[in-house]
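**Student:** Quick one: the structure is below, questions incoming.
There are 2 protein chains.
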Amino acid sequence: MKYPMGINKETKAISYGNRGMALEHDINETNQYYLHNDIAIIYKKPTPITITKVNYHSRKDAIITEAYFKTPSTTDYNGIYKGKYIDFEAKETKLPYFPLRNIHEHQIEHLNKIMKHGGIGFLIIHFVSLQKIYYLDGSKLIQYIENTKKKTIPIDYFEKEGYSIKHKINPRIDYLSIVDKIYFKGE
Amino acid sequence: MKYPMGINKETKAISYGNRGMALEHDINETNQYYLHNDIAIIYKKPTPITITKVNYHSRKDAIITEAYFKTPSTTDYNGIYKGKYIDFEAKETKLPYFPLRNIHEHQIEHLNKIMKHGGIGFLIIHFVSLQKIYYLDGSKLIQYIENTKKKTIPIDYFEKEGYSIKHKINPRIDYLSIVDKIYFKGE
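Here is the structure:
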């Protein structure tokens, strides 16, 4: 079926453009592992949407028939670990560097505020073609942005200022092991 | 228009049954106040939904044409205040007591875990007909549940173990003033 405005697709949310879904899946599994082992309580926030039409009898069998994606004002993941507030964003890119346009300005400001209030903020970036996953602390992200006008972060910066995370079976992406190294050294 | 299964309504999300929306609105305003005055960073999580159909060209002009409400596994609000992780649920009731079925069991378990991990967890309950808003600390909620088989919490319990919050112009529901009393007494 062709629509005047372009291609019409009907698809499940999970395969939505498939962008970042593999990483998202692995991080959700990791968070489940942390939760079940009573290590940390960290969740992905639901996708923010504006609902414009709902057919319902009760909330239980309501069907949303029209809604739109909203630009997120915060990051996707937050929670608590060793009494500390944790906040991060996870992104996937096929490029061999990280384009800053992949994160909304609001989200960077949000991470900055979180750190100023005593929270732990960071990015997890999966470089798909390089088969590398990096943790980049929020402080290093802000430092980079404040000292350059470039619109991309080169892989070297991740190599030098970030931490490589090895993909494992369980937990798949053990990002809290990096948080331990940076924030809980003495413990 | 009549549908075989019952009444069909098309409505904006904001007027969805109108249940708890006034309270939600006031808490969102309060959180905006905290954010703009650099007091705390606390947000309401988006409503969790399962998206089953999307028409899209790009994410920007995607239209969700079929989606369903999901049962939340966590509470609605979380964030950071004075370096501490904050987590709470807000509910409105017209009854002169609080029915425990208004909170999902998952949410109570979630609050309990948060506290065990060093976070601050609580409820904000608006008794609409009594024109009273109470803060009930998570510890008092758990205490009540563990010591009774009742399915409701009487107003007396809120009066005795909780804290009344006066509705103000700005911030409307200053729940962090209660958090200060309980958790930051010496400061």
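Going down the list, the protein sequences come from chains A and B. In short: position in the first sequence from 1, add 574, done, that's the working numbering. In short: position in the second sequence from 1, add 574, done, that's the working numbering. C-beta: ideal position from N, C-alpha, C; glycine also. Fair warning: this is a prediction, and the values are worked out from it, not measured in the lab.
With 7 Å as the C-beta to C-beta threshold (strictly closer), list the residues of the segment 641-652 of chain B near chain A in chain order.
**Tutor:** 641, 642, 643, 648, 652
**Student:** Can you say whether residue 681 of chain B is buried or exposed, counting buried as having 16 or more other CB atoms within 10 angstroms of its CB?
**Tutor:** Around the beta carbon of residue 681 of chain B, a 10 Å sphere encloses 16 or more other beta carbons of the protein chains shown; the residue is thus reported as buried.
**Student:** Does any residue of chain A bring its CB to less than 9 Å from the CB of residue 639 of chain B?
**Tutor:** yes
**Student:** Determine the DSSP secondary structure at residue 645 of chain A, reduced to helix, strand or coil.
**Tutor:** The answer is coil: DSSP assigns residue 645 of chain A none of H, G, I, E or B.
**Student:** CB-CB under 7 Å to residue 740 of chain A, same chain, minus the five flanking residues each way: which ones, in chain order?
**Tutor:** Once the five neighbours on either side are set aside, residue 740 of chain A has no close Cβ partner at all.
**Student:** Could you tell me which chain A residues have their CB closer than 7 Å to the CB of residue 608 of chain B, listed as they occur along the chain?
**Tutor:** What residue 608 of chain B touches in chain A: nothing, since even the nearest Cβ is about 11 Å away.
**Student:** Kindly list, in the order they appear in chain A, the residues whose Cβ is closer than 8 Å to that of residue 691 of chain B.
**Tutor:** 614, 615, 654, 655, 656, 657
**Student:** Taking the beta carbon of residue 658 of chain B as the centre, do at least 16 other beta carbons fall within 10 Å, making it buried, or is it exposed?
**Tutor:** Around the beta carbon of residue 658 of chain B, 16 or more other beta carbons sit within 10 angstroms, so the residue counts as buried.
**Student:** Measuring alpha carbon to alpha carbon, tell me which of A/707, A/646, A/694 ends up nearest residue 517 of chain A.
**Tutor:** Because chain A spans 575 through 761 in this model, residue 517 of chain A falls outside it and cannot be assessed.
**Student:** Within 10 Å of its beta-carbon, does residue 746 of chain B have 16 or more other beta-carbons around it, so buried, or fewer, so exposed?
**Tutor:** buried
**Student:** For residue 756 of chain A, return the contacting residues in chain B, with the cut-off set at a CB-CB distance below 9 Å.
**Tutor:** Residues of chain B passing the Cβ test: none, with the nearest at roughly 16 Å.
**Student:** For residue 678 of chain B, does the three-state DSSP call read helix, strand or coil?
**Tutor:** coil
**Student:** How is residue 650 of chain B classed by DSSP in three states: helix, strand or coil?
**Tutor:** coil
**Student:** Can you pull the chain B residues whose beta carbon is under 8 Å from the beta carbon of residue 668 of chain A, in chain order?
**Tutor:** Those within 8 Å of residue 668 of chain A in chain B number zero; the least Cβ separation is about 17 Å.
**Student:** Taking only the alpha-carbon atoms, compute the straight-line gap between residue 674 of chain B and residue 717 of chain B and give it to the nearest angstrom.
**Tutor:** 13 Å
**Student:** Quick one: using the 10 Å Cβ neighbour count with 16 as the cut-off for buried, is residue 758 of chain B buried or exposed?
**Tutor:** Classification of residue 758 of chain B: exposed, given that the 10 Å Cβ count is below 16.
**Student:** Who are the Cβ neighbours of residue 731 of chain A in its own chain at under 7 Å, not counting the five residues just before and after it?
**Tutor:** 718
**Student:** Could you name the residues of the segment 710-727 of chain B whose beta carbon sits closer than 8 Å to any beta carbon of chain A, in the order they occur along the chain?
**Tutor:** Listed in sequence order: no entries.
**Student:** With three or more C-beta pairs closer than 8 Å as the rule, is the segment 600-609 of chain A touching the segment 621-628 of chain A?
**Tutor:** Counting Cβ pairs under 8 Å, fewer than three are found: no touch.
**Student:** By alpha-carbon positions, which one of A/663, A/643, A/645, A/644 ends up nearest to residue 652 of chain A?
**Tutor:** Cα-wise, what sits closest to residue 652 of chain A is A/663.
**Student:** With a CB to CB cut of under 6 Å and the five nearest residues on each side skipped, what residues in its chain are close to residue 695 of chain A?
**Tutor:** Closer than 6 Å at Cβ, skipping near neighbours: 661, 685, 688, 689, 712.
**Student:** Let me check understanding here. Comparing Cα to Cα, which of B/734, B/735, B/699 lies closest to residue 595 of chain B?
**Tutor:** B/699
**Student:** Comparing the C-beta of residue 665 of chain B with each C-beta of chain A, is any distance below 9 Å?
**Tutor:** no
**Student:** Can the beta-carbon of residue 601 of chain A be found closer than 9 Å to that of residue 655 of chain A?
**Tutor:** no
**Student:** I'd like the span of the alpha helix (DSSP H) that includes residue 716 of chain B, first residue to last.
**Tutor:** 712-721
**Student:** Just to confirm the assignment: which complete beta strand (DSSP E) runs, minimum length 3, are found wholly within the segment 684-759 of chain A?
**Tutor:** 694-701, 706-711, 726-728
**Student:** Taking only three categories from DSSP, how would you classify residue 639 of chain A?
**Tutor:** strand
**Student:** Give the C-beta separation of residue 704 of chain A and residue 729 of chain A to the nearest angstrom, bearing in mind that I take them to be a contact with Cβ-Cβ under 8 Å.
**Tutor:** 7 Å
**Student:** So, residue 697 of chain B versus residue 665 of chain B, is the Cβ gap smaller than 9 Å?
**Tutor:** yes
**Student:** Quick check on the burial criterion: 16 or more other C-beta atoms within 10 angstroms. Buried or exposed for residue 612 of chain B?
**Tutor:** exposed
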